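Taking it in order: structure first as structure tokens, then the write-up.
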């Protein structure tokens, strides 16, 4: 998925480079970052070097590098090259387009392409504007957990991933939960696309659902905490937590339940259930 706006740059030496100002991709699918160039030198029989970087300046990361020797029709990457990246275009035809297989949210950022023609004065050129890659993904609940104690109260936390950043809502036994009982624990930078929401005063014997949504879809997970249970020993057993995961993409309810028994005088117990 590409954005229709193109950016072009040129200099007084006769070089010019054309890139896509912005490219959008879906998580898990391949994406191509277009880049083409023109220059005054004859390159069909010259050696060439192609470099793609994520970021600009000293903090940038070289993602792809290949060299084409004199007379060769292909550009050979180095032995340590990450196979997720490869040239989609042919540098001999002035096409440096980069293909990224199975785009991930971590691929979000600005990319820069560069070409060098060794043996010629000033025979290198790099796009200064870059291409902004935006990877989009449907919401996914990464973790649902409960913390706290009977004395201090229990809190439920829901960690979510998605792009655009999902909207998180909590549903109680009969209604949508709103107000001061809900607070975002963290909302990481848009480059990371993670957020964590907390629901306070979770009560034993009740069911709570974390629901995450964005324009690409919806995901939810449900938590049920069993009430305290009396046992035939001195002291009380802590509440038993039962976490249920209901993903909208599945018709079968996945039940994950573990009973945790603590010896007399032990601290509070809670269980965590992480979803992938």
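In full-length UniProt numbering, the protein residues as written are 1 to 276. C-beta: ideal position from N, C-alpha, C; glycine also. Fair warning: this is a prediction, and the values are worked out from it, not measured in the lab.
Residue 223 is a Cβ neighbour of residue 208, given a cutoff of 8 Å.
Fewer than three pairs of CB atoms, one per stretch, sit closer than 8 Å, so the stretch 198 to 214 makes no contact with the stretch 124 to 135. Per DSSP, reduced to three states, the secondary structure at residue 34 is coil, with no helix or strand assignment. Segment contact: the stretch 196 to 205 against the stretch 147 to 157, three or more CB-CB distances shorter than 8 Å; contact assigned. For residue 79, there is no enclosing beta strand (DSSP E), as DSSP marks it with neither H nor E. When the alpha-carbon of residue 36 is set against those of 114, 82, 216 and 166, the nearest one is in 114. Assigned with DSSP and collapsed to three states, residue 165 falls in coil, not helix or strand.
Shown here for residue 88: same chain residues with a beta carbon closer than 7 Å to its own, the five before and five after excluded, namely 32, 97, 98 and 99 in chain order.
In terms of CA proximity to residue 65, 76 leads the group 28, 59, 72 and 76.
Short of 8 Å from the beta carbon of residue 60, and not among the five residues preceding or following it, lie these beta carbons of its own chain, in chain order: 53, 54 and 112. By the criterion of a C-beta distance shorter than 6 Å, residue 140 is surrounded in its chain by 161 and 219, once the five residues flanking it on both sides are discounted. Residue 159 is bridged by DSSP to 143 and 196. Its chain contains 54, 55, 56, 130, 131, 132 and 133 as the residues whose beta carbon lies nearer than 8 Å to that of residue 110, once the 5 sequence neighbours on both sides are disregarded; these appear in chain order.
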